[in-house]
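Please read the structure below before turning to the comments.
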Amino acid sequence: MNKIEKDTLQYFTRFSDKMTGLTKDSSRTGSPSSVAATGFAIAAYAIGGSRGWIARDHAYARILTTLQTLRHKAAHQEGFFYHFLDVRTGSRVWGSEASSIDTALAVAGALLAARYYPGTEVEKLAYEIYERVNWKWMMNHSDFICMGWTPESKFLPYYWDSYNELMILVALAIGSTTFPVPPEAWERWLRPEENYNNHKVIYASTGSLFTYQFSHAYIDFRNLNDRGINFFENSREATLANREYSLSFSGQYRGYSPSSWGLSASVGPGGYKAYGGKPGGGLHDGTLAPYAALSSIVFTPEFSTATARFFYDHYEKELYGNFGFKDAFNLDKQWWASEYLGIDQGITLLMLENYLNGENVWKKFMELPAIKKWIELTGLNKKSSQPKN
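Residue numbering for the sequence shown is 895 to 1283, as defined by the working numbering.
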């Protein structure tokens, strides 16, 4: 597992621009930068430097370059970065939106790096980037944070109003010292609950595993109580349900087995799709994403470790490369992804770091004043959590 984490780090050193630090959305030729992938890159360098996989001063230099670009060059609106940027100039591309969730993931990576390099220019820039974000503006006079804004259409007609990867976004918005949203913003989003195969889950609409992982890369939910809900345990149940959902179709799809599972948004034979299990949309066609099982390792260590070993032992030639596991595969169609996706490599690396290295990311991130403020204002620390039955 250490090899996988170390190899995955190489995605960010290889596919980030040397001049700007911006990280490509995917390994495809001509891919623009994804600001969320760039946030994961910042976190990855800090981790790599602490692990000795890259020199600490080299990691610092990479982070500094990236933060300087985000602070001074990257296109933004009210502090919200555009989803996709030109890797060389930082300008908006693909007509993309100023994205609230992607900005939150970039900010999270920056704030984590600040904890690795306290008292430095990295810390100063990280907080300047965070404090510039006008979270209140992105609520657009509503009860929820809007998903994004474009110059052409202004605010998108979509809001973060139900459970998914939104928790890191709302936490940072409440914890802001400059443009905070009210603590009630935490309570307002819906928590739909459904039972699948005796797993009671507050679920995301797609059922994609990444929605149960992204916020947990940074925030340690194990001892946080949300009015009787423990979101760490919820992600464990969601992972088990996702695995069992694919197993129920093992007679139909050759790739599904006890050691081969993981339904989550990924590239597939027909392009990028929001694959997922139940509860939720349950879209699947035999395509599995290795990152999905690996990034649940903190929730299901035995199952995730066994699956990583199975994928490596059986499909190393087709599925594993210089930058870790490629994005997905489909045995029935004999299709193997040729590319890596930045956000999928990022979540893999951070979750492996939490699992392998003493919850290192969690410990540092939970000490941030913004996170302490969010916990206090929302009452998440009022009593110990009760794991779900």
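Cβ coordinates follow ideal geometry from the N, Cα and C atoms, glycine included. Values in this document were obtained by computation on a predicted structure and should not be read as measured data.
- Pairing P926 with F978 gives a Cβ-Cβ distance under 7 Å.
- The Cβ atoms of T983 and G915 lie no closer than 7 Å to each other.
- Per the C-alpha coordinates, the member of N1119, N1092, I1123, E1059 positioned closest to F1108 is E1059.
- The criterion of a C-beta distance shorter than 7 Å is satisfied by L1188 and T1242.
- Using a C-beta cut-off of 8 Å, the stretch 941 to 957 makes contact with the stretch 1250 to 1258, since at least three inter-stretch Cβ pairs fall below that distance.
- H952 sits in a helix when the DSSP states are folded into three classes.
- Annotated three-state conformation of H1093 is strand, per DSSP.
- Nearest neighbour of A1002 by Cα position, chosen from M913, Y1052, W988, G1069, turns out to be G1069.
- Between N1034 and E972, the C-beta gap is not smaller than 7 Å, which leaves the two residues out of contact.
- For A1159 against F1104, the beta-carbon gap comes to about 6 Å, under 8 Å, which counts as contact.
- For G1069, the uninterrupted alpha helix (DSSP H) segment begins and ends at 1061 to 1069.
- Of all C-beta pairs linking the stretch 1078 to 1095 to the stretch 1128 to 1135, three or more are shorter than 8 Å, placing the two stretches in contact.
- Under the rule that a run must span 4 or more residues, the alpha helix (DSSP H) segments found entirely inside the stretch 1022 to 1052 read 1029 to 1032.
- Counting C-beta atoms within 10 angstroms of its own C-beta, S1036 has fewer than 16 neighbours from the protein chains shown and is therefore classed as exposed.
- Annotation for A930: the continuous alpha helix (DSSP H) segment containing it runs 929 to 945.
- The alpha-carbon of L1066 is positioned some 24 Å away from that of Y954.
- DSSP, read as helix, strand or coil, puts N1254 in helix.
- Residue pairing by DSSP places W1230 opposite F1223 in a beta bridge.
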